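The working numbering puts the sequence shown at residues 4 to 80. Heads up, the beta-carbon is just placed ideally off N, CA and C, and yes, glycines get one too. From a predicted model like this one, the values you see are computed outputs, not experimental measurements. Reviewing the structure listed below.
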Amino acid sequence: ENLRVLNLRGTGACNSDCVFCVEKFDPAHRAMPKADTTRGLILDGAGKFDMLFFASGEPTIHQKLFEYVATAREVGF
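Structure representation (structure tokens):
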């Protein structure tokens, strides 16, 4: 399939606790865009992408992940 994927950069923050991870923590990772920018990217991507992916670091330790997921679901991701 030719899925269109919106790939949002994560914080780069990581607790290095996933034994299966292929991307080990690198403190040189750039920070995730500001919350308003990330929310805007999700809203702008609605209907243009089939899938949303949070990359770079461990997304489950980001304090706004559940907010972003809720927003994404509201607009059809």
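Next on the checklist: So, for residue 8: in the same chain, excluding its five sequence neighbours on each side, which residues have a beta-carbon less than 8 Å away from its beta-carbon?
Outcome noted: Within the sequence shown, residue 8 is the residue found at index 5, counting from 1. Result list for residue 8: 52, 53, 54, 55, 56, in chain order.
Next on the checklist: So for residue 57, helix, strand or coil by DSSP?
Outcome noted: In the sequence shown, the residue the question calls residue 57 occupies position 54. It is a strand residue.
Checklist entry - Can you tell me whether DSSP reads residue 78 as helix, strand or coil? => result The residue you call residue 78 lines up with position 75 of the sequence shown. Residue 78 falls in the coil class under three-state DSSP.
Checklist entry - Who does residue 12 pair with in a DSSP beta bridge? => result The sequence position of residue 12 within the sequence shown is 9, counting from 1. Answer by DSSP bridge pairing, in chain order: 58.
Item to check | Through-space distance from residue 11 to residue 72, alpha-carbon basis | outcome: Residue numbering aside, residue 72 sits at position 69 when the sequence shown is read from its first letter. Residue numbering aside, residue 11 sits at position 8 when the sequence shown is read from its first letter. Rounded to whole angstroms, residue 72 to residue 11 spans 12 Å at the Cα level.
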